[in-house]
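To start, the structure under review is shown below, and the notes come after it.
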Amino acid sequence: MALDRWIALIFIVFCCAYGYMAFFTMDQDVPPFMQRNPVWPSTFPKVLAVLGILVGLVVLLGLEKPEAGKEPSATEINYRRLHEYKLGQALALLGLMVAYALLLRPAGFLIATTLFLIAGSAILGERKVHIMVPVSLLAALCVWYLVQQVLGIFLRPFPFFLGN
Amino acid sequence: MLEGILIGLEAAFSIKNLLLVVAGCLIGTFIGMLPGLGPMSIIAIMIPIAITLGDPAAALILLAGVYYGAIFGGSTSSILLNAPGVAGTVASSFDGYPMARKGQAGKALTIAAVSSFAGGMMGVILLMIFAPALSSLALLFHSAEYFALMVVGLSAIAAFAGTGQVAKALMMTVLGLILATVGEGALFNMPRFTLGMMDLQSGISFITLAMAMFALPEALFLVLNPARGSGGDGGPNKITGLRFSRAEGRAMLPVIGRQSVQGFFVGVLPGAGATLASFLGYAVERNIAKGEDQAEFGHGSVKGLAAPETANNAACTGSFVPLLTLGIPGSGTTAILLGALIALNVTPGPRLMTDTPEVFWAVIISMFIGNFVLLILNLPLIPYIAKILAIPRNYLIPFILFFTLMGAYIGQNNATELLMLVGLGVLASIFRFADYPLAPLLIGFILGRMLEDNFARSMQLYRGMDFIWERPMTLGLLVLAAILIVLPSYRARRAKARAKGVADGD
Numbered sequence: 001m002a003l004d005r006w007i008a009l010i011f012i013v014f015c016c017a018y019g020y021m022a023f024f025t026m027d028q029d030v031p032p033f034m035q036r037n038p039v040w041p042s043t044f045p046k047v048l049a050v051l052g053i054l055v056g057l058v059v060l061l062g063l064e065k066p067e068a069g070k071e072p073s074a075t076e077i078n079y080r081r082l083h084e085y086k087l088g089q090a091l092a093l094l095g096l097m098v099a100y101a102l103l104l105r106p107a108g109f110l111i112a113t114t115l116f117l118i119a120g121s122a123i124l125g126e127r128k129v130h131i132m133v134p135v136s137l138l139a140a141l142c143v144w145y146l147v148q149q150v151l152g153i154f155l156r157p158f159p160f161f162l163g164n
Numbered sequence: 165m166l167e168g169i170l171i172g173l174e175a176a177f178s179i180k181n182l183l184l185v186v187a188g189c190l191i192g193t194f195i196g197m198l199p200g201l202g203p204m205s206i207i208a209i210m211i212p213i214a215i216t217l218g219d220p221a222a223a224l225i226l227l228a229g230v231y232y233g234a235i236f237g238g239s240t241s242s243i244l245l246n247a248p249g250v251a252g253t254v255a256s257s258f259d260g261y262p263m264a265r266k267g268q269a270g271k272a273l274t275i276a277a278v279s280s281f282a283g284g285m286m287g288v289i290l291l292m293i294f295a296p297a298l299s300s301l302a303l304l305f306h307s308a309e310y311f312a313l314m315v316v317g318l319s320a321i322a323a324f325a326g327t328g329q330v331a332k333a334l335m336m337t338v339l340g341l342i343l344a345t346v347g348e349g350a351l352f353n354m355p356r357f358t359l360g361m362m363d364l365q366s367g368i369s370f371i372t373l374a375m376a377m378f379a380l381p382e383a384l385f386l387v388l389n390p391a392r393g394s395g396g397d398g399g400p401n402k403i404t405g406l407r408f409s410r411a412e413g414r415a416m417l418p419v420i421g422r423q424s425v426q427g428f429f430v431g432v433l434p435g436a437g438a439t440l441a442s443f444l445g446y447a448v449e450r451n452i453a454k455g456e457d458q459a460e461f462g463h464g465s466v467k468g469l470a471a472p473e474t475a476n477n478a479a480c481t482g483s484f485v486p487l488l489t490l491g492i493p494g495s496g497t498t499a500i501l502l503g504a505l506i507a508l509n510v511t512p513g514p515r516l517m518t519d520t521p522e523v524f525w526a527v528i529i530s531m532f533i534g535n536f537v538l539l540i541l542n543l544p545l546i547p548y549i550a551k552i553l554a555i556p557r558n559y560l561i562p563f564i565l566f567f568t569l570m571g572a573y574i575g576q577n578n579a580t581e582l583l584m585l586v587g588l589g590v591l592a593s594i595f596r597f598a599d600y601p602l603a604p605l606l607i608g609f610i611l612g613r614m615l616e617d618n619f620a621r622s623m624q625l626y627r628g629m630d631f632i633w634e635r636p637m638t639l640g641l642l643v644l645a646a647i648l649i650v651l652p653s654y655r656a657r658r659a660k661a662r663a664k665g666v667a668d669g670d
């Protein structure tokens with residue numbers, strides 16, 4: 001089974017769970033005065049759940065025929081060639097983003113961002129440390145200045161133990 | 165209308181707004197040039213900045229400038245590298261790139277800029293004529309019609325997704341609508357589908373979703389497949405000689421005239437947008453052209469470059485018509501703009517022109533200014549701006565990822581949002597792998613709340629589903645939506661049956 005049909009299957013399961021919540025659990029919380037309304041908080045989700053299951057089935061069962069003889073081009077992304085791609089780099093960058101999300105508050109914006117940019121280019125194979133470090137530091141400082149001073153959004157610049 | 169134009173002039177010609185147009189166009193051109201980053205990603209990244217400006221007119225002016233700039237920048241990389249940064253400029257590479265290979269890159273860029281300018285200008289003029297008319301018609305609409313109209317919009321977007329893709333696009337739309345039901349709606353005052361998580365109480369942030377759907381997968385794909393970023397054959401072509409001859413100008417003129425009108429109306433249709441307009445424009449002009457002219461298409465024809473460039477810019481302007489008059493976005497990009505407007509407490513729709521005319525007219529006037537900026541400022545600067553194509557990807561990609569993260573963070577000031585961004589981004593990449601279109605998801609998400617509000621209001625007014633039968637316009641629109649969804653697969657089946665018949669005959 002191709003990936004798109006697996007996704008459709010998962011989507012149908014998701015819609016069933018969503019529909020279960022809409023049909024069987026949500027209406028218990030509706031206060032009595034709202035029960036006389038023609039439309040409840042669960043009305044629209046119920047419609048969506050049914051629609052979702054129907055559309056998902058159309059995709060899953062392949063009722064709609066794809067265009068024949070369409071070749072994916074070399075620059076288009078294709079999961080069948082995933083092993084040829086630089087999957088490790090992409091996963092490492094995703095991990096780096098998660099680490100950034102977790103470190104942003106405790107380490108402060110400047111340190112977290114500089115490290116993120118250095119590590120990001122290092123993952124992609126950059127080895128010129130004398131360029132990477134100043135570029136990252138400068139970028140972090142510029143963005144911090146723009147966001148905090150120009151746009152007026154608070155970003156904690158330093159680690160938590162340095163105050164502010 | 166004159167009064168409105170004066171209001172718009174006054175608003176748009178403040179120093180701040182002029183600077184915003186220039187900045188927007190420049191930023192858009194810069195980033196739009198990077199292969200793989202489309203206007204949607206750029207606008208998504210710019211939204212937190214636009215929102216913090218606080219002034220809806222200024223925000224829209226900035227974002228519209230970015231949008232125009234991105235389309236212009238996209239055509240630059242199409243011409244120089246044969247690596248379109250934007251789907252709407254793919255058709256420009258058909259003739260633009262051969263022209264650049266012949267050493268006429270400068271001329272190709274000028275033709276692209278001039279036809280973009282003409283298309284954009286013509287589009288704005290048509291917008292000024294049609295938007296007020298359409299919005300006075302739209303004032304007659306009730307919530308029932310709004311509900312039906314949004315259903316039509318969503319089905320049209322799915323129907324234009326392409327052969328064999330309609331069901332997938334519909335699936336994404338439903339998923340977007342489902343995601344929109346998460347959190348506490350204004351209508352019922354009770355949290356829904358939050359699974360007890362505090363972070364979901366206010367729903368999923370649309371900026372996070374927009375970043376996750378467009379910016380993040382693009383960046384990841386650039387990492388996964390380096391060939392995607394470079395495209396073409398290596399380094400950019402040299403830019404020399406920006407002039408084109410008088411004869412070429414004369415050949416372009418009718419093309420520009422036809423395509424700016426056609427492109428505009430294609431752009432008005434929900435779901436069609438700049439991409440379809442540019443391909444259609446190219447195809448139409450190739451069919452109209454005769455003899456030698458036609459043979460030149462694909463080998464550096466002036467007409468073949470002018471057609472898609474005019475059409476895509478006119479279509480970009482056209483796509484603002486449903487957004488500004490009905491409050492219904494017809495494309496991913498205008499959906500993001502709609503989200504930004506809602507975040508700024510402006511609800512686009514027929515009342516926009518009467519309630520906040522300064523927003524409406526300032527946007528229109530700034531479109532004029534934006535077109536001038538692109539022609540006068542960006543064109544001479546292009547040889548320098550094109551240097552950005554030489555930035556090594558080792559630096560580019562971490563920065564794109566960082567700006568994506570920043571965009572989600574500034575909007576919410578919440579680190580959990582970043583984790584959500586990564587999660588949704590991975591999900592979006594998987595969808596892209598499986599060839600699911602993502603724009604319908606985002607449009608569904610943004611329209612979801614409004615769709616439900618209007619649905620609930622009509623249900624309450626008519627004490628049930630009767631509004632569908634009692635209001636003929638609602639019924640008509642819903643029937644139209646059904647036809648739009650069924651038509652593509654019906655036509656595909658018929659074409660297949662016919663093809664089979666022919667084969668049997670042989």
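Just so you know, the protein sequences line up as chains A and B, in that order. All residue numbers for the first sequence refer to our numbering, where the first residue is 1 and numbers rise by one. All residue numbers for the second sequence refer to our numbering, where the first residue is 165 and numbers rise by one. Where is the CB? At the ideal position from N, CA and C, for every residue including glycine.
Chain B partners of Gly-120/A, CB-CB under 9 angstroms? Asn-558, Tyr-559, Ile-561, Pro-562, Phe-563, Leu-565 and Phe-566
Using the beta-carbon count (16 or more within 10 Å), is Pro-652/B buried or exposed? buried
Which residues in chain B have a C-beta closer than 7 angstroms to the C-beta of Gln-89/A? List them in chain order. Val-387
Return the chain-ordered ranges of every alpha helix (DSSP H) run that is complete within the region 433-487 of chain B and spans a minimum of 4 residues. 437-452, 455-460 and 466-482
Quick one: grab the DSSP three-state call for Glu-126/A. coil
Selected residue, minimal CA-CA separation from Gly-427/B, among Phe-378/B, Ala-447/B, Glu-412/B and Arg-410/B: Ala-447/B
Going along chain B, which residues have a C-beta under 9 angstroms from Val-165/A? The structure shown does not extend to residue 165/A, since chain A is modelled only from 1 to 164, so the question has no answer here.
Where Gly-317/B falls: helix, strand or coil (DSSP): helix
Between the C-alpha atoms of Ser-121/A and Ala-228/B, what's the straight-line distance to the nearest angstrom? 32 angstroms
In terms of DSSP beta bridges, what is Pro-355/B paired with? Glu-348/B
Given that a residue counts as buried once 16 or more other Cβ atoms are within 10 Å of its Cβ, and exposed if not, what is Thr-372/B? buried
C-alpha gap between Asp-519/B and Glu-309/B, whole angstroms: 21 angstroms
If contact means a Cβ-Cβ distance below 7 angstroms, which residues of the region 616-629 of chain B contact chain A? Glu-616, Phe-619, Ala-620, Met-623, Gln-624, Arg-627 and Gly-628
Can you list the residues of chain B that Gly-56/A reaches, using a CB-CB cut of under 7 angstroms? Met-335
In angstroms, rounded to a whole number, what distance separates the CA positions of Cys-480/B and Tyr-232/B? 8 angstroms
What are the start and end residues of each continuous alpha helix (DSSP H) run of 4 or more residues lying completely inside the region 596-663 of chain B, in chain order? 603-625 and 631-634
Could you pull out every residue in the same chain whose Cβ sits closer than 8 angstroms to the Cβ of Trp-144/A, ignoring the five residues on either side in sequence? Phe-109, Leu-110, Thr-113, Leu-155 and Pro-157
Establish whether the CB of Met-354/B and some CB of chain A are separated by less than 7 angstroms. yes
From the beta carbon of Phe-597/B, is the nearest beta carbon of chain A less than 7 angstroms away? yes
Any chance the CB of Ala-411/B is under 6 angstroms from a heavy atom of the ligand ZN? As for the ligand ZN, it is missing from this structure, which has no ligand bound.
Could you tell me whether the Cβ atoms of Thr-253/B and Ser-239/B are closer together than 7 angstroms? yes
Inspect the beta-carbon positions of Ala-234/B and Asn-181/B and report whether they are closer than 7 angstroms. no
Measure from the C-beta of Tyr-145/A to each C-beta in chain B and report whether the shortest distance is under 7 angstroms. no
Please state the DSSP three-state secondary structure of Pro-38/A. coil
Near-chain A residues of the region 342-372 of chain B (beta-carbon distance less than 7 angstroms), N- to C-terminal order: Ile-342, Thr-345, Phe-352, Met-354, Arg-356 and Phe-357
From which residue to which residue does the alpha helix (DSSP H) around Gln-89/A run? 87-107
Just curious, the alpha helix (DSSP H) that Pro-544/B is in, first and last residue? 543-549
List, in chain order, every chain A residue whose beta-carbon is nearer than 8 angstroms to that of Tyr-159/B. For residue 159/B there is no data in the structure shown, the boundaries of chain B being 165 and 670.
Against chain B, with Cβ distances strictly below 7 angstroms, would Arg-156/A count as a contact? no
Rounded to whole angstroms, how far is the Cβ of Phe-408/B from the Cβ of Ile-275/B, which I believe are closer than 8 angstroms? 6 angstroms
What residue range does the alpha helix (DSSP H) around Glu-382/B cover? 380-388
With the cut-off set at 7 angstroms, would you say Ala-175/B and Ala-507/B are in Cβ contact? no
What ranges does the alpha helix (DSSP H) occupy inside the region 230-259 of chain B, keeping only unbroken runs of at least 4 residues that lie completely in it? none
What's the call for Thr-25/A, buried or exposed, on a 16-neighbour Cβ count within 10 Å? exposed
Between Ala-579/B and chain A, is there a C-beta pair that is closer than 7 angstroms? yes
Does the beta carbon of Ala-92/A come closer than 7 angstroms to any beta carbon on chain B? no
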